[in-house]
Amino acid sequence: MTAAHTTGGRTTAARAAETAALELDCVILGAGVGGALLALLLGRKGQRVLVVESKPGVSPRGADILKPRGIRVLAEHGLLDELMLRQVLQRQVIDFHHDGSLLFSYDFAEHTEFGYFLIAPYAETVGTILAACSELSNVGIRFGRRMVDMRVAGSRVVEAVLDDGTVVRARAFVDSSGSSSPLSDFPAATRVVSRHGHVLWMATVPATPSVIARNRLYFDSSGWLAYFYPVTTELARIFVGIPQGLDVPVFRERSIDLTAQLATFVTYSDDALALLDPGRFAPAPVSVYHRTPYHRGNVIRLGSAVFSPHPMTGQGMSYTMEDATVLAEILTEARDCDLEQLVQQRYQPRQSMHAELIAYGDALANSYSDRTAYLNAHRAQFHGGDR
Numbered sequence: 001m002t003a004a005h006t007t008g009g010r011t012t013a014a015r016a017a018e019t020a021a022l023e024l025d026c027v028i029l030g031a032g033v034g035g036a037l038l039a040l041l042l043g044r045k046g047q048r049v050l051v052v053e054s055k056p057g058v059s060p061r062g063a064d065i066l067k068p069r070g071i072r073v074l075a076e077h078g079l080l081d082e083l084m085l086r087q088v089l090q091r092q093v094i095d096f097h098h099d100g101s102l103l104f105s106y107d108f109a110e111h112t113e114f115g116y117f118l119i120a121p122y123a124e125t126v127g128t129i130l131a132a133c134s135e136l137s138n139v140g141i142r143f144g145r146r147m148v149d150m151r152v153a154g155s156r157v158v159e160a161v162l163d164d165g166t167v168v169r170a171r172a173f174v175d176s177s178g179s180s181s182p183l184s185d186f187p188a189a190t191r192v193v194s195r196h197g198h199v200l201w202m203a204t205v206p207a208t209p210s211v212i213a214r215n216r217l218y219f220d221s222s223g224w225l226a227y228f229y230p231v232t233t234e235l236a237r238i239f240v241g242i243p244q245g246l247d248v249p250v251f252r253e254r255s256i257d258l259t260a261q262l263a264t265f266v267t268y269s270d271d272a273l274a275l276l277d278p279g280r281f282a283p284a285p286v287s288v289y290h291r292t293p294y295h296r297g298n299v300i301r302l303g304s305a306v307f308s309p310h311p312m313t314g315q316g317m318s319y320t321m322e323d324a325t326v327l328a329e330i331l332t333e334a335r336d337c338d339l340e341q342l343v344q345q346r347y348q349p350r351q352s353m354h355a356e357l358i359a360y361g362d363a364l365a366n367s368y369s370d371r372t373a374y375l376n377a378h379r380a381q382f383h384g385g386d387r
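Okay, so the sequence shown: first residue is 1 according to the UniProt record's numbering, each after it adds one.
Right, dumping it as structure tokens:
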């Protein structure tokens, strides 16, 4: 008997915890933005929900950028005002540069209905949603816990066991963790991966006047990139992308001077360049993929469990928020007998939207070293992330 596919009889742990079984409407793996938002929306509809998160608390690492699609979701569900109380930055323009000269200024007021985007530490965005969840007695969040076993009947998961022996039964199970678990392998899936010839590294440094003044994204013809933006009024994020073959000499051996190389094409961020230390950078893995199908029986994938676009789109989190709202409507309306059909009809079609976003991100990531090719790949209306 494997942990991933226990069919029929219960495990010893499951039998021992039989009397403590929790009867729920939905179990969600992963307390990231997608899982947390889904739990909140289901909870507000009276659903009994348990979120299981293997990490000890909210992850500090995740997307900082919220584009209009995601902002609209937060506003529609009464979360935007609360988020804005958490030192969120409202921004309007991103400057794009190539080989030291301005390529274009992207103005959200020109290309989107909202007219702006938001920057917030990922933990603040998720924390806002979890704070709302904490007000609901029918929504539970368990940090530092994992699913270790499950029982299957036909094409449905009917019971799961946590690593503390707790048994949970639910009408639906949602995997939004993006990590390996008994649930993650239940819907057999094809994973399509996009490969890119660059690596990303990220550092958090004190915010400087140039970074506060404007988000700036720099490219050069040799395949380097650098993105400077504030994440709070005191701190800035700096992402550096380099050809994969330079990973070792730049960031590991440090035989190539990072600051000197960036200075050849970073033209408006001298004060931030002065703060750079290769030793303060950490890898920011570029992971671009999607899985299909999105569901099997009463098990559904959400967020990073199903897709991840290139970070150049700045829209993965916003799409996941919208996905969670669609899924919440389905899970609230569905009966056991028609859940799979409704998911297939109304949630699976979002695959085409995810595929379009992934293709767009790949086009940007594969062309940024060539000025003309990047301009041809860039889609102004789509880039703004509005509906």
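Idealized CB from N, CA, C, for every residue including glycine.
Q | Rounded C-alpha distance that separates residue 83 from residue 204 | A | Along the sequence shown, one-based indexing puts residue 83 at 83. Along the sequence shown, one-based indexing puts residue 204 at 204. Their Cα atoms are separated by approximately 21 Å.
Q | Boundaries (first-last residue) of the alpha helix (DSSP H) holding residue 320 | A | For this step, residue 320 is matched to residue 320 along the sequence shown. 316-333 is the extent of the alpha helix (DSSP H) around residue 320.
Q: Say whether the stretch 73-90 touches the stretch 45-53, bearing in mind that this needs 3 or more beta-carbon pairs closer than 8 Å, one atom from each stretch.
A: No contact exists between the stretch 73-90 and the stretch 45-53.
Q. Going by C-alpha distance, which of 289, 219 and 284 is nearest residue 193?
A. Reading the sequence shown from its first residue, position 193 is the one you call residue 193. Here the closest residue by C-alpha is 289.
Q. Using a Cβ-Cβ cut-off of 6 Å (strictly less than) and excluding sequence neighbours within five positions of residue 219, which residues of its own chain qualify?
A. On the sequence shown, position 219 is the one that residue 219 refers to. Short of 6 Å from the beta carbon of residue 219, and not among the five residues preceding or following it, lie these beta carbons of its own chain, in chain order: 98, 225 and 368.
Q.
So, does the stretch 292-301 touch the stretch 339-357, judging by three or more C-beta pairs under 8 Å?
A. Short answer: they touch.
Q. If you follow the alpha helix (DSSP H) that residue 133 is part of, which residue opens it and which one closes it?
A. Within the sequence shown, the letter at position 133 stands for residue 133. Going by DSSP, residue 133 is part of the alpha helix (DSSP H) stretching over 122-133.
Q: Could you check which residue in 91, 74 and 123 has the C-alpha nearest to that of residue 40?
A: For this step, residue 40 is matched to residue 40 along the sequence shown. Ranking the options by Cα distance to residue 40, first place goes to 74.
Q: Please classify residue 215: does DSSP put it in a helix, a strand, or coil?
A: In the sequence shown, counting from the first residue as 1, residue 215 sits at position 215. Strand.
Q: Report the option in 69, 355, 255 and 286 whose CA atom is closest to the CA atom of residue 279.
A: Stepping through the sequence shown from its first residue, residue 279 is reached at position 279. Residue 255 holds the alpha-carbon nearest to the alpha-carbon of residue 279 among 69, 355, 255 and 286.
Q: Measure how close the beta-carbons of residue 186 and residue 157 come, nearest whole angstrom, since I'm counting them as under 8 Å.
A: As a first step, residue 186 must be located in the sequence shown, where it is residue number 186. As a first step, residue 157 must be located in the sequence shown, where it is residue number 157. Between residue 186 and residue 157 a beta carbon distance of about 6 Å is seen, short of the 8 Å cut, so the two are scored as contacting.
Q. Taking residue 377 as the reference, which of 361, 314 and 131 has the closest Cα?
A. As a working mapping, residue 377 is identified with position 377 in the sequence shown. Nearest of 361, 314 and 131 to residue 377, Cα basis: 361.
Q) If we ignore side chains and look at the alpha-carbon of each, how far apart do residue 166 and residue 144 end up? A) Against the sequence shown, residue 166 aligns to sequence position 166. Against the sequence shown, residue 144 aligns to sequence position 144. Whole-angstrom Cα-Cα distance: 13 Å.
Q) To the nearest whole angstrom, what separates the beta carbons of residue 146 and residue 130, a pair I think is in contact under 8 Å? A) Position 146 of the sequence shown, counted from the start, is the residue given in the question as residue 146. Position 130 of the sequence shown, counted from the start, is the residue given in the question as residue 130. With 8 Å as the limit, residue 146 and residue 130 do not qualify as a contact, their Cβ atoms being about 19 Å apart.
Q) Cα-Cα, which of 90, 29, 195 and 234 is closest to residue 180? A) In the sequence shown, residue 180 corresponds to position 180, counting from 1. With distances taken between Cα atoms, residue 180 lies closest to 29.
Q) Taking just the CA atoms, how far does residue 266 sit from residue 380? A) As a working mapping, residue 380 is identified with position 380 in the sequence shown. As a working mapping, residue 266 is identified with position 266 in the sequence shown. Between residue 380 and residue 266, the alpha-carbon positions lie close to 23 Å from each other.
Q.
Any beta carbon of chain D sitting closer than 8 Å to that of residue 134?
A. Structure shown: chain D not included; a single protein chain is present.
Q. Is the CB-CB distance between residue 336 and residue 302 below 8 Å?
A. Within the sequence shown, the letter at position 336 stands for residue 336. Within the sequence shown, the letter at position 302 stands for residue 302. Contact flag unset, no.
Q. Rounded to whole angstroms, how far is the Cβ of residue 284 from the Cβ of residue 200, which I believe are closer than 8 Å?
A. For the purposes of this step, residue 284 is taken as the residue at position 284 of the sequence shown. For the purposes of this step, residue 200 is taken as the residue at position 200 of the sequence shown. Correct: roughly 4 Å between the Cβ atoms.
**Q.** Three-state class that DSSP yields for residue 11 in the structure shown
**A.** For the purposes of this step, residue 11 is taken as the residue at position 11 of the sequence shown. Any reading at residue 11 needs caution, since the residue's pLDDT is 46, under 50, leaving its predicted position unreliable; the model's value is listed next. Under the three-state reduction of DSSP, residue 11 is assigned to coil, being neither helix nor strand.
Q: Going by CA-CA distance only, name the one from 117, 213, 214 and 240 that's closest to residue 223.
A: Working through the sequence shown from its first residue, we reach residue 223 at position 223. Looking only at 117, 213, 214 and 240, the smallest Cα-Cα distance to residue 223 is reached by 240.
**Q.** Cβ-Cβ distance between residue 33 and residue 321 below 8 Å
**A.** Taking the first residue of the sequence shown as 1, we reach residue 33 at position 33. Taking the first residue of the sequence shown as 1, we reach residue 321 at position 321. Going by C-beta atoms, residue 33 is nearer than 8 Å to residue 321.
Q: Express the C-alpha separation of residue 76 and residue 114 in angstroms, rounding to a whole number.
A: The count along the sequence shown starts at 1 and reaches residue 114 at position 114. The count along the sequence shown starts at 1 and reaches residue 76 at position 76. If I take the Cα positions, the gap works out to 13 Å.
Q: Using DSSP bridges, identify the partner residues of residue 157.
A: Taking the first residue of the sequence shown as 1, we reach residue 157 at position 157. Per DSSP, 152.
Q | Spatially closest choice to residue 152 from 170, 140 and 54, by CA coordinates | A | Here residue 152 refers to the residue found at position 152 when the sequence shown is read from its first residue. Out of 170, 140 and 54, the CA that lies nearest to the CA of residue 152 is found in 170.
Q: Under the assumption that residue 27 contacts residue 52 (Cβ atoms under 8 Å), give the Cβ distance between them as a whole number of angstroms.
A: Position 27 of the sequence shown holds residue 27. Position 52 of the sequence shown holds residue 52. Right, their Cβ atoms sit about 7 Å apart.
Q | Residue environment, residue 384, which counts as buried when at least 16 other CB atoms sit within 10 Å | A | Residue numbering aside, residue 384 sits at position 384 when the sequence shown is read from its first letter. Answer is buried; the Cβ neighbour count reaches 16.
Q | Member of 277, 207, 208 and 202 whose CA lies at the smallest distance from the CA of residue 242 | A | Indexing the sequence shown from 1 puts residue 242 at position 242. Residue nearest to residue 242 within the set 277, 207, 208 and 202 is 202 (criterion: CA-CA distance).
Q | Reduced DSSP category for residue 241 - H, G, I as helix; E, B as strand; rest coil | A | As a first step, residue 241 is located in the sequence shown; it is residue number 241 there, counting from the start. DSSP places residue 241 in strand when its eight states are reduced to three.
Q) Would a C-beta distance cut-off of 8 Å place residue 347 and residue 327 closer than the cut-off? A) The residue given as residue 347 occupies position 347 in the sequence shown. The residue given as residue 327 occupies position 327 in the sequence shown. With respect to residue 327, residue 347 sits close: the two C-beta atoms are nearer than 8 Å.
Q | Between the CA atoms of residue 37 and residue 13 - distance to the nearest angstrom | A | On the sequence shown, position 13 is the one that residue 13 refers to. On the sequence shown, position 37 is the one that residue 37 refers to. At residue 13, the pLDDT of 45 sits below 50, so the modelled position is not reliable; the number obtained from the coordinates is stated separately. Going by C-alpha positions, residue 13 is about 31 Å away from residue 37.
Q. Is any heavy atom in the ligand PLP found nearer than 7 Å to the beta carbon of residue 291?
A. Although the ligand PLP was asked about, the structure shown includes no ligands whatsoever.
(Q) Let's see if you can read the secondary structure: which residues bound the alpha helix (DSSP H) around residue 358? (A) As a first step, residue 358 is located in the sequence shown; it is residue number 358 there, counting from the start. Judged by DSSP secondary structure, residue 358 falls within the alpha helix (DSSP H) whose first and last residues are 350-365.
Q: Since I believe residue 269 is in contact with residue 210 (beta carbons under 8 Å), could you give me their beta-carbon distance rounded to a whole number of angstroms?
A: Reading the sequence shown from its first residue, position 210 is the one you call residue 210. Reading the sequence shown from its first residue, position 269 is the one you call residue 269. Indeed they touch by this definition, with Cβ atoms about 5 Å apart.
Q.
Given this structure, state the Cα-to-Cα distance separating residue 230 from residue 341, to the nearest angstrom.
A. Looking up residue 230 in the sequence shown gives position 230. Looking up residue 341 in the sequence shown gives position 341. Those two C-alpha atoms are separated by around 44 Å.
Q | Selected residue, minimal CA-CA separation from residue 216, among 132, 103, 25 and 111 | A | In the sequence shown, the residue the question calls residue 216 occupies position 216. Residue 216 has its Cα closest to that of 103, out of 132, 103, 25 and 111.
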